[in-house]
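Q:
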Amino acid sequence: MTLKSSAEIEAYVDQAAALVDLPIDPAYREMVLTYFALSARMAEALYAQPLPMTEEPAPVFEP
Numbered sequence: 003m004t005l006k007s008s009a010e011i012e013a014y015v016d017q018a019a020a021l022v023d024l025p026i027d028p029a030y031r032e033m034v035l036t037y038f039a040l041s042a043r044m045a046e047a048l049y050a051q052p053l054p055m056t057e058e059p060a061p062v063f064e065p
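Counting from 1 along the sequence shown, just add 2 to a position and that's the residue number in my numbering.
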């Protein structure tokens with residue numbers, strides 16, 4: 003998923019929140035959108051790195 007514009011991010015956040023019945027307080031809406039945009043940019047950097055099929059998944063931590 004690549005979200006480029008603020009309108010796309012707003013639409014995604016609104017739809018995702020509605021899907022899980024999560025109300026977003028209007029007082030926090032701008033902060034939620036800002037954080038989501040930041041998270042999307044960080045995810046894009048990770049997805050840009052190729053992962054060869056020979057890579058093994060990380061082990062599961064079990065205390």
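We put the beta carbon where it would ideally sit given N, CA and C, even for glycine.
Could you spell out the range, first to last residue, of the alpha helix (DSSP H) harbouring Val-11?
A: Note that residue 11 is Ile in the sequence shown, not Val. Start and end: 8-21.
Q: Considering just the uninterrupted stretch of the alpha helix (DSSP H) at Val-34, what are its terminal residues?
A: 31-49 is the span of the alpha helix (DSSP H), which, as asked, contains Val-34.
Q: According to the neighbour-count rule (16 or more other Cβ atoms, all chains shown, within 10 Å of its Cβ), is Ala-15 buried or exposed?
A: Sequence inspection shows Val at residue 15; the Ala mentioned does not correspond to that position. Its Cβ being crowded by 16 or more others within 10 Å, Val-15 is buried.
Q: Our contact map puts Ile-11 next to Ala-50 with C-beta atoms below 8 Å; I'd like the distance itself, whole angstroms only.
A: Rounded, the Cβ-Cβ distance is 19 Å, inconsistent with contact.
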